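Going by the working numbering, the sequence shown opens with residue 304, and the numbers climb by one from there. Note that the Cβ used here is the ideal one computed from N, Cα and C, for glycine as well. In this text, all values refer to a predicted model and were calculated from it rather than measured experimentally.
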Amino acid sequence: MILAIPALFCSFSSCEKSWLQPLSCADSPKRNQICFKEIGGATKSRHHVTRRCECLDLHNELVPYKQAWSWQKSMVDRRHNMVDRDEDHSDSLIALQHPSVYTLGTGGQEKYLNFDVQNAPYDIYRTERGGEVTYHGPGQLVLYPIINLRFHKMDLHWYLRSLEEVVIRVLRSTFSINASRVEGLTGVWVGKQKVAAIGIRVSRWITYHGLALNVTTDLTPFNHIVPCGIQDRGVGSVRELLGGSSYGTKYGDCELMDLTCESLLKEFSEIFQLSLEQSLVFDSEVPG
Numbered sequence: 304m305i306l307a308i309p310a311l312f313c314s315f316s317s318c319e320k321s322w323l324q325p326l327s328c329a330d331s332p333k334r335n336q337i338c339f340k341e342i343g344g345a346t347k348s349r350h351h352v353t354r355r356c357e358c359l360d361l362h363n364e365l366v367p368y369k370q371a372w373s374w375q376k377s378m379v380d381r382r383h384n385m386v387d388r389d390e391d392h393s394d395s396l397i398a399l400q401h402p403s404v405y406t407l408g409t410g411g412q413e414k415y416l417n418f419d420v421q422n423a424p425y426d427i428y429r430t431e432r433g434g435e436v437t438y439h440g441p442g443q444l445v446l447y448p449i450i451n452l453r454f455h456k457m458d459l460h461w462y463l464r465s466l467e468e469v470v471i472r473v474l475r476s477t478f479s480i481n482a483s484r485v486e487g488l489t490g491v492w493v494g495k496q497k498v499a500a501i502g503i504r505v506s507r508w509i510t511y512h513g514l515a516l517n518v519t520t521d522l523t524p525f526n527h528i529v530p531c532g533i534q535d536r537g538v539g540s541v542r543e544l545l546g547g548s549s550y551g552t553k554y555g556d557c558e559l560m561d562l563t564c565e566s567l568l569k570e571f572s573e574i575f576q577l578s579l580e581q582s583l584v585f586d587s588e589v590p591g
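Written as structure tokens, this is what we have:
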């Protein structure tokens, strides 16, 4: 059964009692430490040299997919209200991992699922992003930018290529992995292996959904789908690509995730010319 959820919800049966499933890598903010409120100091000026971006870094946490989805839609709705009032506001970025889940884009086709949807190995959600089916799970770093393209460039092609560039720079500069684009396809590739998937939605020039980079991901669940509907190419991970290199042998999974996330945030801020502010405060409410 493929699930779809409304913009706001507060319960989910397949997860632990807490919406946050901490990993053992490092101390991370817990539910009662994360506050959501509207930040003051809005301004109508659009002539920022460097725009602020509030970053909720939960990269060592497993956040259920529908919880993160709800956060994004709530934040987009509130951003629309600010646009209607012609008020400037900082952009936002969420970094996290998900428990195992499959998601399909708006027009995603079930023919790319290699299982009966009534007996799926994991929950499946049809979302409003573009693209076909993909897998999210532990060891995969996900970035959800909620940014106002009016303050960047109102060009979806530019936005997609910029997200790809973030990952390409991370892999090349941090790990000496020769990552690239493939003409006609979205995402980041090393040879014929896709290491990062990108699927976005833009509502009145406010972005949500985003990119997913396989770092230490168990790639087995990808065998149950045709990732992104591409038949003749596989998937890869940073860990797998590093193999016996110095990075591959020097860093454990947790350290590799930390290093990758740090590099992702750095490259994201540089490419989008944003000043990242690590924060437990966001311009939204906890749904429910």
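Check	Outcome
Other residues of its chain near threonine 510: CB distance less than 7 Å, five sequence neighbours each side excluded	Pro448, Ile449, Ile450, Leu452, Tyr462 and Ile503
Range covered by the alpha helix (DSSP H) that runs through glutamine 375	368-387
Close beta carbons around asparagine 481, own chain, < 6 Å, minus the five adjacent residues each side	none
Burial state of glycine 547 (16 or more Cβ within 10 Å)	exposed
Contact check, glutamate 364 vs leucine 399, beta carbons under 7 Å	yes
Expected contact under 8 Å - CB spacing of valine 469 and phenylalanine 571 to nearest Å	5 Å
Start-to-end residues for the beta strand (DSSP E) that takes in tryptophan 492	491-493
Per-residue DSSP class, three states only, for tyrosine 406	One point to set straight first is that residue 406 is threonine, not tyrosine, in the sequence displayed. Correct three-state label for threonine 406: strand.
Integer-rounded CB distance, given that valine 493 should sit under 8 Å from glycine 539	6 Å
Distance between beta carbons of glycine 440 and threonine 520, contact taken as under 8 Å	6 Å
Beta-carbon proximity list for threonine 430, same chain, < 6 Å, skipping 5 on both sides	Thr406
Under 7 Å between C-beta atoms of glycine 437 and proline 530	Before going further, note that residue 437 is threonine rather than glycine in the sequence given. Yes, the Cβ-Cβ distance between threonine 437 and proline 530 is below 7 Å.
Candidates Gly537, Lys553 and Gln370, of which the one nearest valine 404 by Cα	Gln370
For alanine 398, the residue or residues it bridges with in DSSP	Asp360 and Leu446
Close-in-space but distant-in-sequence residues of the same chain around arginine 355 (CB under 8 Å, 5 per side omitted)	Ser393, Asp394, Leu577, Ser578 and Glu580
DSSP state of cysteine 318 mapped onto helix, strand, coil	Confidence is the limiting factor: at cysteine 318 the pLDDT is only 33, short of 50, which leaves the residue's position unreliable and the question unanswerable from this model.
Contacting residues, own chain, Cβ-Cβ under 8 Å from asparagine 417 (five flanking each side not counted)	Asn526, His527, Ile528 and Val529
Residue span of the beta strand (DSSP E) that contains valine 529, given as start and end	From DSSP, valine 529 is part of no beta strand (DSSP E); its letter is neither H nor E.
C-beta contact flag for glycine 513 and leucine 446 at 7 Å	yes
Distance CB(valine 518)-CB(glycine 442) smaller than 7 Å	yes
C-alpha distance - leucine 467 paired with glutamine 421, whole-angstrom precision	The sequence given here places glutamate at residue 467; leucine does not occur at that position. In a straight line, the C-alpha of glutamate 467 is about 34 Å away from that of glutamine 421.
Where the beta strand (DSSP E) through glutamate 580 begins and ends	577-581
Tyrosine 415 CB to nearest heavy atom of the ligand ADP below 6 Å	Absence of the ligand ADP from the depicted structure is noted, as is the absence of any ligand whatsoever, leaving it without description.
For serine 548, three-class secondary structure by DSSP	coil
Contacts around leucine 459, its chain only, beta-carbon distance under 7 Å, and the 5 residues preceding and following it disregarded	Val505
Inter-residue spacing [alpha-carbon to alpha-carbon] between lysine 456 and tryptophan 508	9 Å
Three-state class that DSSP yields for histidine 512 in the structure shown	strand
Helix, strand or coil at valine 470 [DSSP, three-state]	helix
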